[in-house]
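Input: a single structure, listed below in structure tokens.
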Amino acid sequence: MGDLNQKTVWIFCRVIDNFGDAGVAWRLAKNLQADLSCQVVLLIDNFTTLNRLLPELNPQQKQQNIQEINILQWEDEQTTKASLNNVPQPNFVIETFACELPDFVKEIIFQNKALWLNWEYLTAEDWAEEMHLLPSLQANGVNKYFYFMGFSEKSGGLLREKNLLPKSPKKVSGSLKTYIFAYSSTSWKKWFDCLANLPVNMHIDLAGNQIEQPKHINQNKLLFQKADFVSQNQFDNLLLQYDLLLVRGEDSFVRTQYTGKPFFWHIYPQENLAHIAKLHAFWDKVYAYFPPELLSAHSRLSDELNGAVVLTDEERKNNFMILFENFDKWQNAQQQWQAYLFRQKSANEKLIEWLKEQGAK
373 MGDLNQKTVW IFCRVIDNFG DAGVAWRLAK NLQADLSCQV VLLIDNFTTL
423 NRLLPELNPQ QKQQNIQEIN ILQWEDEQTT KASLNNVPQP NFVIETFACE
473 LPDFVKEIIF QNKALWLNWE YLTAEDWAEE MHLLPSLQAN GVNKYFYFMG
523 FSEKSGGLLR EKNLLPKSPK KVSGSLKTYI FAYSSTSWKK WFDCLANLPV
573 NMHIDLAGNQ IEQPKHINQN KLLFQKADFV SQNQFDNLLL QYDLLLVRGE
623 DSFVRTQYTG KPFFWHIYPQ ENLAHIAKLH AFWDKVYAYF PPELLSAHSR
673 LSDELNGAVV LTDEERKNNF MILFENFDKW QNAQQQWQAY LFRQKSANEK
723 LIEWLKEQGA K
């Protein structure tokens with residue numbers, strides 16, 4: 373396969389889950405371009421969403437080069453085919469989250485003998501490690517490989533920039549500064565009512581539009597404000613300003629773990645509570661670093677936030693009090709998890725190693 377730096381990768385993304393899909397696709401494109409110095413072409417069907425994460429992008433211009441990455445609007449087959457005539461042919465093609473590639477792209481993969489990957493949604497479940505990088509023979513006679521990011525050495529790792537280093541959270545003093553970027557849920561009213569009656573003052577910034585600021589809450593106890601939306605480049609620094617993080621999605625979820633701060637994950641809800649197995653698979657790994665009393669309190673509240681259980685008012689209050697009274701221990705547990713993640717190779721490093729192995733065959 374020769375020098376990887378001379379190669380071209382095409383990345384395809386359809387935006388389904390709001391900012392999550394676009395965020396992962398753009399971060400993958402940036403990391404590959406930075407680590408490989410190869411030519412990266414990102415085809416995405418929703419420029420409006422990507423523009424929120426990447427303000428330099430002009431939503432009205434269907435082809436542009438930003439940070440040395442070619443960004444093309446993924447439209448109908450004929451228009452997309454014409455756009456791709458102006459960029460180098462691919463050596464690698466990555467479809468993110470099982471988006472269906474156009475037939476002419478599959479033909480290009482066949483003609484170029486390009487490597488074809490499906491970049492899957494992040495999960496900590498054991499089956500994903502077993503499926504990681506397994507090939508599947510497609511109708512055009514080419515193997516498509518399945519790339520599963522994850523939280524262990526056996527997995528595909530997590531996207532992480534070379535210059536990202538672990539930081540030690542500052543000790544909390546005064547109000548507990550809290551950031552919430554989450555989905556709508558019936559749990560929020562119960563949680564805010566509960567928090568307003570605890571001996572803890574909180575400054576809560578609400579990001580996005582899915583959680584309404586409660587009007588009946590005593591603002592001396594819980595001070596609510598709307599959080600400004602920031603670009604992907606600014607997001608890490610934003611998270612570092614807070615003591616407690618409650619986040620959703622995939623990219624936000626991973627960046628939160630890199631802060632080493634206490635957090636809850638509001639996972640995307642699925643029918644018949646199918647998301648709970650994915651939620652538990654993740655926390656089961658993290659809870660290895662939690663003291664038993666914190667583990668129990670956090671898991672009960674996490675399950676309630678994600679629809680698996682309904683706590684009584686007294687149970688909810690007691691669990692929150694355990695977390696707040698042992699906040700230093702909670703923070704220490706998350707820092708140990710942070711250190712565990714930073715000891716591993718990133719997804720971009722693992723992918724590049726695999727590409728080199730494929731080239732040597």
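Each residue of the sequence shown is one higher than the one before, starting from 373 at the first, in my numbering. By construction, the Cβ of each residue, glycine as well, lies at the ideal position given by its N, Cα and C atoms.
Nearest residue (CA-CA) to residue i, options the options
i: K539; options: G632, Q432, H652; result: G632
i: A669; options: D565, R688, S545, V682; result: R688
i: A680; options: F662, I694, F714, L645; result: L645
i: Q716; options: Q405, N457, Y630; result: Y630
i: K701; options: L683, K598, P541; result: P541
i: K379; options: L404, A394, L530, C385; result: L404
i: N691; options: S557, L570, L727, E447; result: L570
i: E479; options: L666, F662, I583, Q461; result: Q461
i: H752; options: P586, L594, F601, A568; result: A query on residue 752 cannot be resolved here, the shown segment of the chain reaching from 373 to 733 and no further.
i: D615; options: Q703, P663, N592, E665; result: Q703
i: Q582; options: L537, E729, L567, T558; result: T558
i: N457; options: N442, F596, A470, E643; result: N442
i: L481; options: K728, Y517, K587; result: Checking the sequence, you will find Ile at residue 481 rather than Leu. Among K728, Y517, K587, the Cα nearest to that of I481 is on Y517.
i: L537; options: Q730, S718, E729, K728; result: S718
Beta-carbon spacing of residue i, residue j below 8 angstroms
i: H647; j: I639; result: yes
i: V465; j: A496; result: no
i: V387; j: N418; result: yes
i: Y551; j: A579; result: yes
i: G528; j: Y519; result: yes
i: K434; j: Q445; result: yes
i: F625; j: L677; result: no
i: G522; j: E502; result: no
i: V572; j: F696; result: yes
i: I438; j: V413; result: no
i: F699; j: P634; result: yes
i: N490; j: A470; result: yes
i: V381; j: N463; result: yes
i: L612; j: R627; result: no
Separation of residue j from residue i, as counted between CA atoms
i: W560; j: G392; result: 22 angstroms
i: N377; j: D656; result: 39 angstroms
i: A454; j: L415; result: 13 angstroms
i: N411; j: N423; result: Sequence inspection shows Gln at residue 411; the Asn mentioned does not correspond to that position. Going from the Cα of Q411 to the Cα of N423 covers about 21 angstroms.
i: Q436; j: L425; result: 16 angstroms
i: L408; j: N720; result: 9 angstroms
i: E492; j: K549; result: 34 angstroms
i: W488; j: E472; result: 12 angstroms
i: E525; j: H504; result: 11 angstroms
i: C385; j: K402; result: 14 angstroms
i: V544; j: P427; result: 33 angstroms
i: P641; j: F553; result: 15 angstroms
i: P431; j: Q707; result: 39 angstroms
i: D475; j: L494; result: 27 angstroms
i: Q585; j: A568; result: 13 angstroms
i: D577; j: Y712; result: 29 angstroms
i: V459; j: R532; result: 27 angstroms
i: N609; j: D623; result: 14 angstroms
i: E746; j: S671; result: Only positions 373 to 733 of the chain appear in the structure, and residue 746 is not among them; the question remains open.
i: L506; j: F601; result: 38 angstroms
Opposing strand residues paired with residue i [DSSP bridges]
i: M574; result: L548, L594
i: W382; result: V413, V465
i: P474; result: Paired residue(s): none; P474 is not in a bridge.
i: Y519; result: W491
i: Q435; result: L444
i: P507; result: Y517
i: H638; result: R620
i: F553; result: V619
Where the alpha helix (DSSP H) through residue i begins and ends
i: L530; result: Counting along the chain, L530 falls outside any alpha helix (DSSP H), and DSSP gives it neither H nor E.
i: N605; result: 604–611
i: H647; result: 647–658
i: H588; result: No alpha helix (DSSP H) contains H588, which DSSP labels as neither H nor E.
i: F419; result: 419–425
i: L673; result: 664–677
i: N704; result: 699–715
i: A401; result: 391–408
i: K539; result: Segment: none, K539 is in no alpha helix (DSSP H) and carries neither H nor E.
i: E449; result: 449–456
i: S559; result: 559–567
heavy atom of the ligand PLP below 7 angstroms from residue i C-beta
i: A401; result: The model depicted lacks the ligand PLP and carries no ligand whatsoever.
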